[in-house]
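This report refers to the structure that appears directly beneath it.
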Amino acid sequence: MNTENSKENRQHISPSKHYSLYEGLIPQQFPYVSMHWHDEFEINFVYEGTGEFICNGVHYFLNAEEAVVLTPKKLHAIYPAKGSYCRYDTIVFSTNMLGLNENDRCVSEYILPLLAQKYDIFPVISSDKKELVTCLKEIFLYAKKNNACADMLLKSKLLQLIGLLCASDSLITNNPYVSAFKQFYPVIDYINLHYMEEITVEELAQKMNVSKSHFMKSFKKATGSSAIDYLISVRIRSACQALQETKLSISEIAFNCGFKNLSNFNRHFKNLTGYTPYQYRKSFPDAIYS
Numbered sequence: 001m002n003t004e005n006s007k008e009n010r011q012h013i014s015p016s017k018h019y020s021l022y023e024g025l026i027p028q029q030f031p032y033v034s035m036h037w038h039d040e041f042e043i044n045f046v047y048e049g050t051g052e053f054i055c056n057g058v059h060y061f062l063n064a065e066e067a068v069v070l071t072p073k074k075l076h077a078i079y080p081a082k083g084s085y086c087r088y089d090t091i092v093f094s095t096n097m098l099g100l101n102e103n104d105r106c107v108s109e110y111i112l113p114l115l116a117q118k119y120d121i122f123p124v125i126s127s128d129k130k131e132l133v134t135c136l137k138e139i140f141l142y143a144k145k146n147n148a149c150a151d152m153l154l155k156s157k158l159l160q161l162i163g164l165l166c167a168s169d170s171l172i173t174n175n176p177y178v179s180a181f182k183q184f185y186p187v188i189d190y191i192n193l194h195y196m197e198e199i200t201v202e203e204l205a206q207k208m209n210v211s212k213s214h215f216m217k218s219f220k221k222a223t224g225s226s227a228i229d230y231l232i233s234v235r236i237r238s239a240c241q242a243l244q245e246t247k248l249s250i251s252e253i254a255f256n257c258g259f260k261n262l263s264n265f266n267r268h269f270k271n272l273t274g275y276t277p278y279q280y281r282k283s284f285p286d287a288i289y290s
């Protein structure tokens with residue numbers, strides 16, 4: 001199976017600009033960010049509310065002025081904390097922003113081993129880490145300026161951030177997580193491609209040649225949710241897109257996304273988004289269906 005399918009398709013960089021900036025507001029703007037991975041680094045900085053950030057199966061609840069730093073190829077997802085919302089910024093940047101093409105000891109001793117996953121960085125930066133928080137604010141300030149001069153300052157701040165993290169107790173050596181997560185990429189590929197079809201846990205376990213019980217336990221440890229919960233989240237995310245972008249009825253959307261029972265679809269939709277499908281559709285007045 002081609003593991004590139006579970007890789008996020010969005011292009012974050014261009015030949016002249018090696019980063020992208022995104023503003024997020026969940027669940028008002030979109031309900032959540034489903035599990036995915038990509039080749040670039042990613043930083044998420046929370047401004048308001050509380051967000052649940054899942055990184056390699058571990059759940060972190062972040063409040064204002066807290067952040068997560070994700071190294072390449074790390075499985076991650078973002079949800080609003082129950083009963084709350086989360087306003088945050090995301091920067092996704094290429095390794096070229098860290099001077100990867102340079103031939104010096106900071107690249108050979110830190111950047112390259114980090115990319116090779118010989119060690120990792122503890123992802124959470126708490127609000128009491130004042131020097132790191134200040135650096136993060138400057139990173140997003142320069143990213144928002146979006147010009148060549150600001151890009152130079154942005155590069156310096158990204159290197160400063162990685163340097164501060166490597167010099168602190170955030171560095172994790174002998175990273176034990178790499179193989180544990182890569183083995184699930186094909187399963188996530190399959191779910192992302194076939195979520196509209198009937199999928200069973202037994203079928204997914206067979207794809208890894210393991211028992212059902214072993215698969216259920218290891219998948220939850222790796223991703224932070226059960227395989228069925230992940231399947232449901234993918235279906236609901238697809239339904240959200242269809243509610244915004246098509247004129248299909250709610251029952252048609254439910255069926256197209258793999259739900260055989262409308263009441264079951266409504267229940268899961270409300271649990272994950274906080275809205276009924278009808279309320280969610282009406283909250284996007286500029287969508288195609290209006």
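Residue numbering for the sequence shown follows this note's numbering, beginning at 1 and increasing consecutively.
Cβ coordinates follow ideal geometry from the N, Cα and C atoms, glycine included.
The structure displayed is predicted, hence computed values, not measured ones.
Can you name the start and end residues of the alpha helix (DSSP H) that residue i belongs to?
{"i": "Ser-156", "result": "148-167"}
{"i": "Glu-202", "result": "201-207"}
{"i": "Thr-134", "result": "130-145"}
{"i": "Pro-31", "result": "Run containing Pro-31: none; DSSP gives neither H nor E here."}
{"i": "Val-187", "result": "185-194"}
{"i": "Ser-233", "result": "227-245"}
{"i": "Thr-276", "result": "No alpha helix (DSSP H) holds Thr-276; DSSP gives it neither H nor E."}
{"i": "Pro-15", "result": "Counting along the chain, Pro-15 falls outside any alpha helix (DSSP H), and DSSP gives it neither H nor E."}
{"i": "Thr-223", "result": "212-223"}
{"i": "Leu-114", "result": "112-115"}
Can residue i and residue j be called in contact, C-beta distance under 8 Å?
{"i": "Met-97", "j": "Tyr-19", "result": "yes"}
{"i": "Asn-201", "j": "Ala-239", "result": "It is worth fixing the name first, because residue 201 is Val in this sequence and not Asn. Contact flag unset, no."}
{"i": "Gly-51", "j": "Pro-31", "result": "no"}
{"i": "Leu-154", "j": "Leu-132", "result": "no"}
{"i": "Phe-122", "j": "Ser-170", "result": "yes"}
{"i": "Val-92", "j": "Leu-165", "result": "no"}
{"i": "His-76", "j": "Ile-54", "result": "yes"}
{"i": "Leu-262", "j": "Ser-249", "result": "no"}
{"i": "His-36", "j": "Gly-224", "result": "no"}
{"i": "Asp-120", "j": "Ile-172", "result": "yes"}
{"i": "Ile-26", "j": "Ile-78", "result": "yes"}
Say whether chain D places a C-beta atom closer than 8 Å to the C-beta of residue i.
{"i": "Ser-213", "result": "This model lacks chain D altogether, as it is built from one protein chain only."}
Starting from the C-beta of residue i, find all residues in its chain whose C-beta is less than 7 Å away, skip the five residues before and the five after it, and write them out in chain order.
{"i": "Phe-259", "result": "Arg-235, Phe-265"}
{"i": "Lys-221", "result": "Gly-57"}
{"i": "Asn-5", "result": "Reliability of the predicted coordinates at Asn-5 is poor, the pLDDT of 48 falling under 50, and the value obtained from them is presented with this limitation in mind. Cβ neighbours of Asn-5 beyond the five flanking positions: Asp-189, Asn-192, Leu-193."}
{"i": "Ala-287", "result": "Note on Ala-287: pLDDT 43, under 50, position unreliable in the model; no value is reported."}
{"i": "Met-196", "result": "Asn-256, Cys-257, Gly-258"}
{"i": "Lys-212", "result": "Val-201, Glu-202, Ala-205"}
{"i": "Lys-74", "result": "Trp-37, Cys-55, Asn-56"}
{"i": "Cys-106", "result": "none"}
{"i": "Pro-113", "result": "Tyr-119"}
{"i": "Ala-143", "result": "Tyr-19, Leu-21, Ile-91, Leu-154"}
{"i": "Leu-231", "result": "Ile-191, Tyr-195, Ile-199"}
{"i": "Thr-3", "result": "With a pLDDT of 42 at Thr-3, under the threshold of 50, the modelled position of this residue cannot be trusted, and the question is left open."}
Taking the alpha-carbon of residue i as reference, which of the options has the nearest alpha-carbon?
{"i": "Gln-117", "options": "Cys-86, Val-33, Pro-72, Val-46", "result": "Pro-72"}
{"i": "Glu-138", "options": "Gly-83, Gln-241, Leu-75, Phe-45", "result": "Phe-45"}
{"i": "Arg-87", "options": "Arg-281, Gln-279, Gln-29", "result": "Gln-29"}
{"i": "Tyr-185", "options": "Ser-218, Ile-172, Glu-198", "result": "Ser-218"}
{"i": "Lys-129", "options": "Asp-151, Tyr-110, Ala-64", "result": "Ala-64"}
{"i": "Gly-24", "options": "Asp-89, Ser-225, Phe-140", "result": "Asp-89"}
{"i": "Ser-127", "options": "Gln-206, Glu-66, Asp-151, Tyr-275", "result": "Glu-66"}
{"i": "Phe-140", "options": "Tyr-275, Tyr-47, Lys-207, Gly-274", "result": "Tyr-47"}
{"i": "Glu-149", "options": "Ser-16, Ser-168, Val-187", "result": "Residue 149 is actually Cys in this sequence, not Glu. Closest by alpha carbon: Ser-16."}
{"i": "Val-33", "options": "Ser-233, His-214, Lys-282", "result": "Ser-233"}
Would you mind reading off the limits of the beta strand (DSSP E) that contains residue i?
{"i": "Ser-251", "result": "Segment 250-256 is the alpha helix (DSSP H) holding Ser-251; no beta strand (DSSP E) there."}
{"i": "Pro-80", "result": "76-80"}
{"i": "Asn-44", "result": "41-49"}
{"i": "Thr-90", "result": "86-93"}
{"i": "Ala-67", "result": "67-70"}
{"i": "Val-58", "result": "58-62"}
{"i": "Asp-120", "result": "119-121"}
Going by beta carbon distance, what residues of the same chain come within less than 6 Å of residue i, once the five residues before and after it are set aside?
{"i": "Phe-269", "result": "Ile-236, Pro-277"}
{"i": "Glu-42", "result": "Leu-70, Val-92"}
{"i": "Ala-254", "result": "Leu-262, Phe-265"}
What does a CB cutoff of less than 8 Å around residue i pick up in its chain, not counting 5 residues either side in sequence?
{"i": "Cys-135", "result": "Lys-157, Gln-160, Leu-161, Leu-164"}
{"i": "Ile-111", "result": "Thr-95, Leu-98, Gly-99, Leu-100, Ile-162"}
{"i": "Asn-147", "result": "none"}
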